[in-house]
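Engineer: Handing you this structure, nothing more for now.
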Amino acid sequence: MLAKFAKKSLRIYIVVTNIFTILLPVCLTGFIINNIINGYLENEITKKNHIIASTISNQLNQLLIAPSNILKHVIAEAEHDENYDFNAQISLLLKQYDLFDNVELISIDGKVISTYPRDRSLIGKDVSKEEYFKEVKAMKTYWSLPYISKKTGQLTVNTAVSGYKYLITAYLNLKNFSNTSYNIIEAYGKDIDVVVLDENGTYVSNSSLKQLFKREIDPNFQKIKTLVSSKNPIDIVYSNNEKKIVSTSLIPVTGWYVLVYQSYDSAFEAKSKANMIFIISAIVSIVLFFIVSLLRANSMSRLFEKFDIQTQAIASGNSSEKIKIDSFSEFSNLEEKFNLMIEKLQSREEKLKWIAYNDTLTGLKNRSFLLNHLEVLLDKNNGNKSVGIIYFDLDNFKTINDTYGHSYGDMLLSEVSKRLIAINNDSYIIARIGGDEFVVINSCMVDIWEMADFSNRILKALEEPFVFEDNQLFIGASIGISAYPKDAQTVEELLKCADMAMYFAKENGKNKWQIFDSKMKEIVERNLNVERYLRKAIDRNEFSLSYQPQFHTITNKMRGFEVLLRWDNDELGGNVEPVEFIRVAENSGFINEIGEWVIRSACKKLEYLWNNYFDDFIISVNISPIQLMQHNFIDLIESIISQYSILPEMLEFEITESVFIESYDQARINLEKIKKMGIKISLDDFGTGYSSLSYLNNLPIDSLKIDRTFVSDVSKGIFKETMLESIIILAHKLGLDVIAEGVETRDQLFSVRKFNCDFAQGFHFSEPISESDLDDYLKHKGYKSFRNSNSNYKDYGAYHY
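Counted the way the UniProt record's numbering counts, the sequence shown spans residues 1 to 801.
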């Protein structure tokens, strides 16, 4: 009997111990699964909601920037074109962009000049005391708080931009903006809601029209403001008595807030279902193990050990590993649901990874991929294999972007990328690293000329015009080439070397390739030093002007001087050649500030010469193409001339044909304005370019300067003499004076005089004269200073002119 009971007790013991043996791994597995699910869900929900909030804020920011940019374009056109048809242009813009309910053009003193749609009752109205008028003059762009328009009944916001003559205010209908919440619900389902608040927390977009049109404030607004400024703009709040996850993002242009609400319960619904499946499966497993515990004890133990290993692999980040349970159907269901969840998470991870390493506009690899790939490639190669780099950008892309708009720029980048993909034979990796910059990688380069050959294929691919809406766009590329390990050992240095080579390709005329050379580093470093000290040169009083006299070839009467800029800097070794620092100044944009200093100094000296010598000297100043094309150049010149007691006719601007390369029409317009002011215009370095003759008959120039190469070669044969004579005859027939540069010998003077050249300058007459020696030079030439004379300045000036 005892033996029988003992056998029964032993059986119970075996069953119970087997149950506990299996129950413990099941519970442990459930805990692991629960942690994995929680981790994945929280991570995915955080990523998804943050991406939604950031994407919406970026889209809404662009939606608000677009009308502001349109208004800036309109006001710029209106201020530069006196005949600008405001109503016609606004009407055309409204057909293209359904943005505005009403637009008003206002003078700088606050009077309404024009409206669209036309409203005569507003014309002449004084709005100078309006809040937006005061603020827009201070900040240039103004945004009001949203309000319900009495006219349209829709949510509206007022924006205004200011120029120096006019300002424009527009009333934007935010109907499409306000529908953001509906669009998101339609896209993501009712468990996600998007709310947009203004800077005071009032609803701008809400799925509840009642709250929107009652202008209610979101009850969580104070907490939202704190979240936006924190590093983790996601939290849990209660909205409408429901626990929700909220993600926040800021719309930069207006300071409005984008909130993404998601029901906490719906977000973690998958977790609850998985837990329920696990509980049911666990119960079924325990019951079955009561029956088969003696037979299945060992196999079940091994099964859960395997399950534990697989789940640990998933928890450690190996999401490609799937759960496999060859057992009861309940566990198979758990396997199916869990693996389905893993597949979805893996799919989302792949999408996020694609976004992280690919350029969404062109489909090419992006900067992140490029840097990571190069790091791995260089570590793996360890100097044993060569890696080739092509670094290039599109020539004049900014001009196309500014002329036709960013949409054209995006289309152009997309089409360029398609052509690059078409010429690639899978040996190269092509990446767009930002803007119009691209990088090509050859991970198994045999010879640097492989990269040169591919560079030629790039240039060939870009030769055909790009056609968008009947507009033909021509574009080239400046290409730099570098190689690992020859040129650099690190990714950063390798890209920097290719970038340097690209810079030299641009300097040598663009639309070509350049292989990196170690000497380039020295040149680039020198240019960087020149640029650094150049920015301090005016404040440190390092610039000076020298004066090259110009004489009439027949009478020897002095016409005036060409001013020559000189720069002395101790850190750079003393005197820096103009050909070096002028190029750096133009590339850095600092040429405008230097050019203004030169013009002011020249006008000041011109005033001094007139007040002291009463002679109508002409001072010539070289003008950079960048100076001429700056938007306020004409106003600047008028201001400088009015500051000094000089006549505009005493000033001459020297230009070269490079002025017309970027924008011939705009350059011609600015030159005509300068001409109307009375300032003389001279075409410098004539004969050195390819198209100088085409400018002579179409531009408002007074004289041309024959380049010194023609003068120095005049004694080398009849052909050179004929060339020089032909240029002078042509200029005279067009009514232009001719000035010969670089006259250094008596024979050269006789030659230009023989061909009736009007004026000449060069070392034969005088070297450039420093400012401190100018008075002595003039006295030596017989000019008497009237500085201490009792002569009546006004009477003498009237007689002289």
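By construction, the Cβ of each residue, glycine as well, lies at the ideal position given by its N, Cα and C atoms.
For Thr555, which beta-bridge partners are listed by DSSP?
Structural biologist: Numbered from its first residue, the sequence shown carries residue 555 at position 555. Looking at the DSSP assignment, Thr555 forms no beta bridge with any residue, so it has no partner.
Engineer: Please look up how many angstroms separate the CB atoms of Glu79 and Lys150, rounded, as I've assumed it's under 8 Å.
Structural biologist: For the purposes of this step, residue 79 is taken as residue 79 along the sequence shown, with counting starting at 1. For the purposes of this step, residue 150 is taken as residue 150 along the sequence shown, with counting starting at 1. With a Cβ gap of about 32 Å, Glu79 and Lys150 do not count as contacting.
Engineer: What residue range does the beta strand (DSSP E) around Asp499 cover?
Structural biologist: Your numbering for residue 499 matches position 499 in the sequence shown. Asp499 -> not in any beta strand (DSSP E); alpha helix (DSSP H) instead, spanning 491-507.
Engineer: DSSP three-state label for Arg680, please.
Structural biologist: Within the sequence shown, numbered from 1, the residue matching residue 680 stands at position 680. With the sequence shown as reference, residue 680 is identified as Lys, and Arg is not the correct amino acid for it. Looking at Lys680 - three-state DSSP - the assignment turns out to be strand.
Engineer: Between the region 121-135 and the region 92-110, are three or more C-beta pairs nearer than 8 Å?
Structural biologist: Verdict: yes, contact present.
Engineer: Measure the alpha-carbon distance for His552 versus Asp758 and round it to whole angstroms.
Structural biologist: Here residue 552 refers to the residue found at position 552 of the sequence shown. Here residue 758 refers to the residue found at position 758 of the sequence shown. Those two C-alpha atoms are separated by around 6 Å.
Engineer: Report yes or no: do three or more beta-carbon pairs, one from the region 347-355 and one from the region 395-414, lie closer than 8 Å?
Structural biologist: At 8 Å Cβ cutoff, the stretches do not touch.
Engineer: Taking DSSP as the reference, what is the three-state secondary structure of Ile106?
Structural biologist: What you label residue 106 is simply residue 106 of the sequence shown in a count that begins at 1. Residue state, collapsed to three classes: strand.
Engineer: How many Å lie between Tyr690 and Glu657 at the Cα?
Structural biologist: On the sequence shown, position 690 is the one that residue 690 refers to. On the sequence shown, position 657 is the one that residue 657 refers to. With a pLDDT of only 48 at Tyr690, under the threshold of 50, the placement of this residue in the model should not be trusted; the figure read from the coordinates follows. Taking the straight line joining both Cα atoms gives about 9 Å.
Engineer: Is the Cβ-Cβ distance between Asn569 and Tyr533 less than 7 Å?
Structural biologist: For this step, residue 569 is matched to residue 569 along the sequence shown. For this step, residue 533 is matched to residue 533 along the sequence shown. In this structure, Tyr533 lies closer than 7 Å to Asn569 by Cβ.
Engineer: Determine the burial state of Ile669: buried for a count of at least 16 other Cβ atoms within 10 Å of its Cβ, exposed for fewer.
Structural biologist: By 1-based counting over the sequence shown, the position of residue 669 is 669. Exposed, by the Cβ-count rule.
Engineer: Do you know whose CA, among Asp447, Ser455, Arg367, Asn456, lies nearest Glu437's CA?
Structural biologist: Position 437 of the sequence shown, counting from 1, holds the residue named residue 437. Minimum Cα distance to Glu437 is reached at Arg367.
Engineer: Give me the Cα-Cα distance between Leu167 and Leu99, rounded to the nearest whole angstrom.
Structural biologist: For the purposes of this step, residue 167 is taken as residue 167 along the sequence shown, with counting starting at 1. For the purposes of this step, residue 99 is taken as residue 99 along the sequence shown, with counting starting at 1. The alpha-carbon atoms of Leu167 and Leu99 are separated by roughly 18 Å.
Engineer: In angstroms with no decimal places, state the Cα-to-Cα distance between Ser645 and Glu607.
Structural biologist: As a working note, residue 645 is residue 645 in the sequence shown. As a working note, residue 607 is residue 607 in the sequence shown. Each residue's Cα considered, the two are about 6 Å apart.
Engineer: Tell me whether the beta-carbon of Glu652 lies closer than 7 Å to the beta-carbon of Ser682.
Structural biologist: Here residue 652 is taken as the residue at index 652 of the sequence shown, counted from 1. Here residue 682 is taken as the residue at index 682 of the sequence shown, counted from 1. Result yes, Cβ atoms of Glu652 and Ser682 sit closer than 7 Å.
Engineer: Mind pulling the beta strand (DSSP E) runs of 3 or more residues that sit fully within the region 614-682?
Structural biologist: 618-622, 651-655, all fully within the region 614-682.
Engineer: Suppose the cutoff is 6 Å on Cβ atoms and the five residues either side in sequence are ignored; what does the same chain contact list for Ile90 look like?
Structural biologist: To locate residue 90, count along the sequence shown from 1; it is residue 90. Only Val103, Tyr116 meet the Cβ criterion.
Engineer: Grouping DSSP H, G and I as helix and E and B as strand, with all else coil, what is Arg432?
Structural biologist: Along the sequence shown, one-based indexing puts residue 432 at 432. Reduced to three states, the DSSP call for Arg432 is strand.
Engineer: For Ile422, I'd like the list of residues in its chain whose CB is within less than 8 Å of its CB, leaving aside the five on either flank, ordered along the chain.
Structural biologist: As a position in the sequence shown, residue 422 is number 422, starting the count at 1. One point to set straight first is that residue 422 is Ala, not Ile, in the sequence displayed. For Ala422, where only same-chain residues beyond five positions count, the Cβ hits under 8 Å are Ala461.
Engineer: May I have the straight-line CA-CA distance separating Leu699 from Gln472, to the nearest angstrom?
Structural biologist: Position 699 of the sequence shown, counting from 1, holds the residue named residue 699. Position 472 of the sequence shown, counting from 1, holds the residue named residue 472. Their Cα atoms are separated by approximately 27 Å.
Engineer: Between the C-alpha atoms of Lys496 and Leu364, what's the straight-line distance to the nearest angstrom?
Structural biologist: Taking the first residue of the sequence shown as 1, we reach residue 496 at position 496. Taking the first residue of the sequence shown as 1, we reach residue 364 at position 364. Using only the alpha carbons, I get a separation of about 21 Å.
Engineer: Would Trp610 be called buried (16 or more neighbouring beta carbons within 10 Å of its own) or exposed?
Structural biologist: On the sequence shown, position 610 is the one that residue 610 refers to. Counting Cβ neighbours within 10 Å, Trp610 comes out buried, since at least 16 surround it.
Engineer: List, from N- to C-terminal side, the alpha helix (DSSP H) runs of 4 residues or more that fit wholly inside the region 400-478.
Structural biologist: Correct list: 406-423, 448-461.
Engineer: Would you check if the distance between the CB atom of Gln627 and the CB atom of Gly595 is smaller than 7 Å?
Structural biologist: The residue given as residue 627 occupies position 627 in the sequence shown. The residue given as residue 595 occupies position 595 in the sequence shown. Yes; because the gap between Cβ atoms is below 7 Å, this pair is in contact.
Engineer: Given this structure, state the Cα-to-Cα distance separating Phe543 from Glu580, to the nearest angstrom.
Structural biologist: Along the sequence shown, read from residue 1 onward, the residue named residue 543 stands at position 543. Along the sequence shown, read from residue 1 onward, the residue named residue 580 stands at position 580. Their backbone Cα atoms lie some 14 Å apart in a straight line.
Engineer: Are there 16 or more other CB atoms within 10 angstroms of the CB of Leu71, so buried, or fewer, so exposed?
Structural biologist: Here residue 71 refers to the residue found at position 71 when the sequence shown is read from its first residue. That one is buried.
Engineer: Do Asp198 and Trp256 have their C-beta atoms within less than 7 Å of each other?
Structural biologist: Taking the sequence shown and counting its residues from 1, one reaches residue 198 at position 198. Taking the sequence shown and counting its residues from 1, one reaches residue 256 at position 256. Contact: yes.
Engineer: How is Ser751 classed by DSSP in three states: helix, strand or coil?
Structural biologist: Position 751 of the sequence shown holds residue 751. Helix, per DSSP.
Engineer: Assign Asn488 to one of three DSSP states: helix, strand, or coil.
Structural biologist: What you label residue 488 is simply residue 488 of the sequence shown in a count that begins at 1. Reading the sequence as shown, one finds Ala at residue 488 and not Asn. Coil at Ala488, not helix or strand.
Engineer: Can you tell which of Asp447, Lys673, Asn87, Asp379 has its C-alpha closest to the C-alpha of Arg120?
Structural biologist: Here residue 120 refers to the residue found at position 120 of the sequence shown. Measuring from the Cα of Arg120, the nearest candidate turns out to be Asn87.
Engineer: For Asp707, is the classification buried or exposed, using 16 other Cβ atoms within 10 angstroms of its Cβ as the cut-off for buried?
Structural biologist: Taking the sequence shown and counting its residues from 1, one reaches residue 707 at position 707. Asp707 should be labelled buried.
Engineer: Taking only three categories from DSSP, how would you classify Ser128?
Structural biologist: Sequence index remark: in the sequence shown, residue 128 carries index 128 (1-based). Coil, per DSSP.
Engineer: Verify whether the separation of the beta carbon atoms of Gly388 and Met445 is less than 7 Å.
Structural biologist: Within the sequence shown, residue 388 is the residue found at index 388, counting from 1. Within the sequence shown, residue 445 is the residue found at index 445, counting from 1. In contact: Gly388 and Met445 (Cβ atoms closer than 7 Å).
Engineer: Within the chosen definition, does the region 718-738 reach the region 522-531 through at least 3 CB pairs nearer than 8 Å?
Structural biologist: Short answer: they don't touch.
Engineer: Which of the three DSSP states is assigned to Ser691 in this structure?
Structural biologist: On the sequence shown, position 691 is the one that residue 691 refers to. In this prediction, Ser691 scores a pLDDT of 48, lower than 50, which makes its location untrustworthy; the coordinate-derived value is nonetheless stated afterwards. Three-state result, Ser691: coil.
Engineer: List the whole-angstrom C-beta distance separating Glu741 from Val711, where the pair is believed to meet the contact cut-off of C-beta under 8 Å.
Structural biologist: Sequence index remark: in the sequence shown, residue 741 carries index 741 (1-based). Sequence index remark: in the sequence shown, residue 711 carries index 711 (1-based). About 7 Å separates the two Cβ atoms, so the contact holds.
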